[in-house]
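First residue of the sequence shown? That's 554 in the numbering used here, and the numbers climb one at a time after it.
We put the beta carbon where it would ideally sit given N, CA and C, even for glycine.
These figures come from a predicted structure and were not determined experimentally.
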Amino acid sequence: MRPNNILLTHDFEPLVGDFGLARLQADGNSGVETRIIGTFGYLAPEYAQTGQISEKADVYSFGVVLVELVTGRKAVDIYRPKGEQCLTEWVLRMLEGDTLIMRSKSWN
């Protein structure tokens, strides 16, 4: 999931589109093994490491989208200084240092 996959209805209700990784699963099967497919910056680390896709990977991706909204930053930005290019790594460092990461209304 990434921002392009979240659509809004005329009443501003969110809809998720583009189910490129969707697979029909047997009842009770919570994960599917697959080759790694997705957009860098939105992939859950456990999915990237194991190839096991689950609902948790979607939750992670949606979390990245929310952090993009809060910070005003892209998931991956190669034009930022080293150490700030990957949003999730930058946020973890900010949280460890107890640093405010919300975007101010006065920023352009």
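Cα-Cα separation between residue i and residue j, rounded to whole angstroms
i, j, result
"Gly591", "Arg626", "19 Å"
"Cys639", "Thr562", "31 Å"
"Asn661", "Pro598", "At Asn661 the pLDDT is 46, less than 50, meaning the model places this residue with poor confidence; the figure from the coordinates comes in the next sentence. Spanning the two alpha carbons is a distance of roughly 31 Å."
"Glu566", "Gly604", "32 Å"
"Lys635", "Met647", "15 Å"
"Ile606", "Leu622", "25 Å"
"Gly650", "Thr624", "16 Å"
"Glu637", "Asp564", "36 Å"
Contact check, residue i vs residue j, beta carbons under 7 Å
i, j, result
"Val617", "Ala610", "no"
"Val644", "Val620", "yes"
"Tyr595", "Ser614", "yes"
"Asn557", "Val569", "no"
Residue closest to residue i, alpha-carbon to alpha-carbon, out of the options
i, options, result
"Phe593", "Asp564, Leu568 and Thr641", "Thr641"
Legend entry - Length at least 4, wholly inside the region 587-634: the alpha helix (DSSP H) runs in chain order: The qualifying runs are 598-603 and 608-624.
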